[in-house]
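Some notes on the structure that comes next.
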Amino acid sequence: MSCETAESLLHGYLDGELDVVGAVEFERHAQACPVCTRELEAQQSLRARLRDADLYVPAPPSLRRTIRERVEPPPAESAASAPRRGRWRWLAAAAALTLLATAPWLVLRDTRRGTAEGTLAAAALDAHLRSLQLGHQSDVVSTDAHTVKPWFEGKLSYAPPVVDLATEGFPLIGGRLDVVEGRTVAALVYARRKHILSVFVWPAEGAPETAPRSDARQGYGWIQWSHSGMQYWVVSDVAPAELEQLARLLRR
Amino acid sequence: MEPAEAQEGPSLLSDAERLRFEQLVLPHLDSAHNLARWLLRSESDAQDVTQEAMLRALRFFPGFHGGDPRAWLLKIVRNASYTWLESHRRVELSEEFDEERHGEPAASPEAQAIASAERDRLREAMEQLSTRFREVLVLRELEGCSYKEIAEITAVPLGTVMSSLARARRRLQQILIGPAREETPHEL
Numbered sequence: 003m004s005c006e007t008a009e010s011l012l013h014g015y016l017d018g019e020l021d022v023v024g025a026v027e028f029e030r031h032a033q034a035c036p037v038c039t040r041e042l043e044a045q046q047s048l049r050a051r052l053r054d055a056d057l058y059v060p061a062p063p064s065l066r067r068t069i070r071e072r073v074e075p076p077p078a079e080s081a082a083s084a085p086r087r088g089r090w091r092w093l094a095a096a097a098a099l100t101l102l103a104t105a106p107w108l109v110l111r112d113t114r115r116g117t118a119e120g121t122l123a124a125a126a127l128d129a130h131l132r133s134l135q136l137g138h139q140s141d142v143v144s145t146d147a148h149t150v151k152p153w154f155e156g157k158l159s160y161a162p163p164v165v166d167l168a169t170e171g172f173p174l175i176g177g178r179l180d181v182v183e184g185r186t187v188a189a190l191v192y193a194r195r196k197h198i199l200s201v202f203v204w205p206a207e208g209a210p211e212t213a214p215r216s217d218a219r220q221g222y223g224w225i226q227w228s229h230s231g232m233q234y235w236v237v238s239d240v241a242p243a244e245l246e247q248l249a250r251l252l253r254r
Numbered sequence: 021m022e023p024a025e026a027q028e029g030p031s032l033l034s035d036a037e038r039l040r041f042e043q044l045v046l047p048h049l050d051s052a053h054n055l056a057r058w059l060l061r062s063e064s065d066a067q068d069v070t071q072e073a074m075l076r077a078l079r080f081f082p083g084f085h086g087g088d089p090r091a092w093l094l095k096i097v098r099n100a101s102y103t104w105l106e107s108h109r110r111v112e113l114s115e116e117f118d119e120e121r122h123g124e125p126a127a128s129p130e131a132q133a134i135a136s137a138e139r140d141r142l143r144e145a146m147e148q149l150s151t152r153f154r155e156v157l158v159l160r161e162l163e164g165c166s167y168k169e170i171a172e173i174t175a176v177p178l179g180t181v182m183s184s185l186a187r188a189r190r191r192l193q194q195i196l197i198g199p200a201r202e203e204t205p206h207e208l
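Now the structure itself:
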């Protein structure tokens with residue numbers, strides 16, 4: 003591979019958007035080429051600086067409130083319609099409000115930088131780091147989903163979905179039991195090149211389906227969502243795009 | 021193009037659809053605000069445009085048939101932001117350096133000292149980028165979008181996302197290296 007080609011592929015590599023063949027070829031070239039290696043390092047450090055600078059600007063609570071009010075059904079209309087229908091509409095609005103008040107994502111959104119989600123993120127990150135420090139990623143070491151899944155039987159009150167994603171570039175390494183905020187949860191371990199990804203799975207306590215949310219701290223990124231009644235937290239030091247990619251694969 | 025009628029839209033949605041909107045789209049409010057904030061470079065404008073875009077999204081929600089709700093919403097936010105920029109003559113659609121922005125008078129020495137903080141420096145460098153470069157970086161680095169999502173949101177072919185990112189990052193590096201050259205010679 004020429005430097006010119008490598009240069010054009012560098013950003014795709016950095017973003018985890020190359021296919022396996024492209025990534026391997028780029029790595030092979032970079033190992034032998036100090037110029038491209040330096041450029042890759044420069045780009046990685048720029049990315050780290052952007053990440054550490056915490057430039058994300060979440061919506062202020064006042065805006066969230068305004069929008070929520072505008073999204074809710076206009077109460078004026080029920081007063082104008084027939085009394086009976088009006089009462090039903092009002093009840094429906096009240097039910098929607100109750101749901102709104104208890105919808106878990108609302109709690110999460112409102113405390114994005116605060117308690118609920120932050121605490122869970124910290125707990126999931128801790129569990130991931132603990133496993134790395136102890137060198138104890140897996141209680142059951144197997145790349146076979148049909149070995150890992152039955153291993154959880156009898157150890158948990160639910161059966162976590164287990165899939166091998168080796169052909170997609172995320173080989174399954176194994177599974178273990180872990181503890182996140184006092185819950186015993188299934189932890190599935192995947193690899194991405196030399197990186198380890200922990201996927202924590204437990205039954206969703208709120209909405210069975212929520213869209214993925216990701217964030218990063220201390221050089222580790224996480225992404226979380228709910229899918230088919232299960233809550234997922236993935237923690238790793240891979241690029242954010244790779245976390246997203248694994249999330250997409252697991253939600254298929 | 022999207023119809024421009026504003027007021028009656030939300031009431032057309034059934035309660036079930038509204039709830040679905042709340043579950044699928046509203047969770048991406050932070051993403052919507054973040055993108056608008058970076059495209060418009062103004063908090064108050066960003067709030068106006070985000071609100072407008074959310075209502076527009078609510079109105080068009082019956083036309084949303086699956087797919088990625090965040091990309092769908094961000095596309096609406098982006099369109100609303102560009103419309104706003106165009107009507108306020110602040111859009112720079114070229115990929116050139118934003119002279120108007122860069123030409124602002126330098127801040128006071130004290131302010132400069134404060135601005136030397138890494139975060140401010142990066143924020144300022146980002147704000148000096150052209151809108152097109154800034155948006156692709158915000159989507160990739162802050163929002164974590166895949167190339168496919170970026171292509172969808174910004175309505176460009178998938179094949180050009182990587183080269184836009186490459187150029188945007190190079191430009192950002194130049195801006196960052198520029199003013200710091202005297203104090204911290206790049207020795208590594």
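Chains as they are written, first to last, in this note's numbering: chain A, 3 to 254; chain B, 21 to 208. Cβ atoms here follow ideal geometry from the backbone N, Cα and C, with glycine treated the same way. Please read all numbers here as calculations on a predicted model, not as lab measurements.
Not one beta carbon of chain B lies nearer than 8 Å to the beta carbon of Glu207 (chain A).
By the rule that beta-carbons nearer than 8 Å mark a contact, Ala186 (chain B) touches chain A.
Taking one beta carbon from each stretch, the region 35-49 of chain B and the region 79-94 of chain B have 3 or more pairs nearer than 8 Å; the two touch. Going by beta carbons, Tyr192 (chain A) and Leu167 (chain A) fall inside the 8 Å limit. Per DSSP, reduced to three states, the secondary structure at Leu136 (chain A) is coil, with no helix or strand assignment. Listed along chain B, no residue sits closer than 7 Å to Gln33 (chain A) by beta-carbon distance, the nearest being about 20 Å off. Secondary structure of Glu119 (chain A) (DSSP, three-state): helix.
Straight through space, the alpha carbons of Leu199 (chain A) and Tyr160 (chain A) are spaced by roughly 21 Å. In this structure the region 4-20 of chain A touches the region 36-45 of chain A; the number of beta carbon pairs closer than 8 Å is three or more. Nearest neighbour of Pro163 (chain A) by Cα position, chosen from A:Arg51, A:Leu252 and A:Leu20, turns out to be A:Leu252.
Taking C-beta atoms under 8 Å as the contact rule, Ala56 (chain B) and Met74 (chain B) fail to qualify, at a distance of about 10 Å. With distances taken between CA atoms, His197 (chain A) lies nearest to A:Ala241 out of A:Thr212, A:Val182 and A:Ala241. Here His85 (chain B) is exposed, its C-beta having fewer than 16 other C-beta atoms within 10 Å. DSSP, reduced to helix, strand and coil, places Ser4 (chain A) outside both helices and strands of the structure shown, so it counts as coil. Residues are counted here when their Cβ sits less than 9 Å from a Cβ of chain B; for the region 56-77 of chain A these are Asp56, Leu57, Tyr58, Val59, Pro60, Ala61, Pro62, Ser64, Leu65, Arg66, Thr68, Ile69, Arg70, Arg72, Val73, Glu74, Pro75 and Pro76, given in chain order.
The continuous alpha helix (DSSP H) containing Phe28 (chain A) extends over residues Val22 to Ala34. In this structure, the alpha-carbon of Leu245 (chain A) lies about 11 Å from that of Cys165 (chain B). Per DSSP, His48 (chain B) has no beta-bridge partner at all. Looking at the DSSP output, Leu174 (chain A) sits in a beta bridge with A:Tyr192. DSSP places Asp180 (chain A) within a strand segment (E or B) once states are collapsed to three.
Going by C-alpha positions, Arg191 (chain B) is about 10 Å away from Met146 (chain B).
Considering only beta carbons, the part of the region 43-62 of chain B lying closer than 8 Å to chain A consists of Gln43, Leu44, Leu46, Pro47, His48, Leu49, Asp50, Ala52, His53, Asn54, Arg57 and Trp58, in chain order.
For Phe81 (chain B), no Cβ of chain A is located within less than 8 Å of the residue's own Cβ.
The continuous beta strand (DSSP E) containing His229 (chain A) extends over residues Tyr222 to His229.
Think of a sphere of 8 Å around the beta carbon of Leu94 (chain B): no beta carbon from chain A falls inside it, the nearest being about 12 Å out.
Distances from the CA of Gly14 (chain A) to each of B:Arg187, B:Ile197, B:Met182 and B:Ala188 were compared; the closest alpha carbon is that of B:Met182. Gln67 (chain B) counts as buried, since no fewer than 16 other beta carbons sit within 10 angstroms of its beta carbon. Taking 9 Å as the upper bound on Cβ-Cβ separation, chain B lies near residues Ala209, Glu211, Thr212, Ala213, Pro214, Arg215 and Ser216 of the region 187-216 of chain A. Setting aside the 5 residues that flank it on each side, His31 (chain A) is surrounded in the same chain by Met3, Ala8 and Cys38, each with a C-beta closer than 7 Å to its C-beta; the list follows chain order.
The Cβ atoms of Ala249 (chain A) and Ile225 (chain A) sit closer than 8 Å to each other. At a cut-off of 8 Å between C-beta atoms, Pro242 (chain A) counts as an interface residue with respect to chain B.
For His148 (chain A), the uninterrupted alpha helix (DSSP H) run begins and ends at Ala147 to Phe154, by DSSP. Linking Ser228 (chain A) to Val236 (chain A) through their CA atoms gives a straight-line distance of about 12 Å. With respect to chain B, the C-beta atom of Arg51 (chain A) has a partner C-beta closer than 8 Å.
Under DSSP, no beta-bridge partner is assigned to Phe84 (chain B).
With respect to chain B, the C-beta atom of Gly171 (chain A) has no partner C-beta closer than 8 Å.
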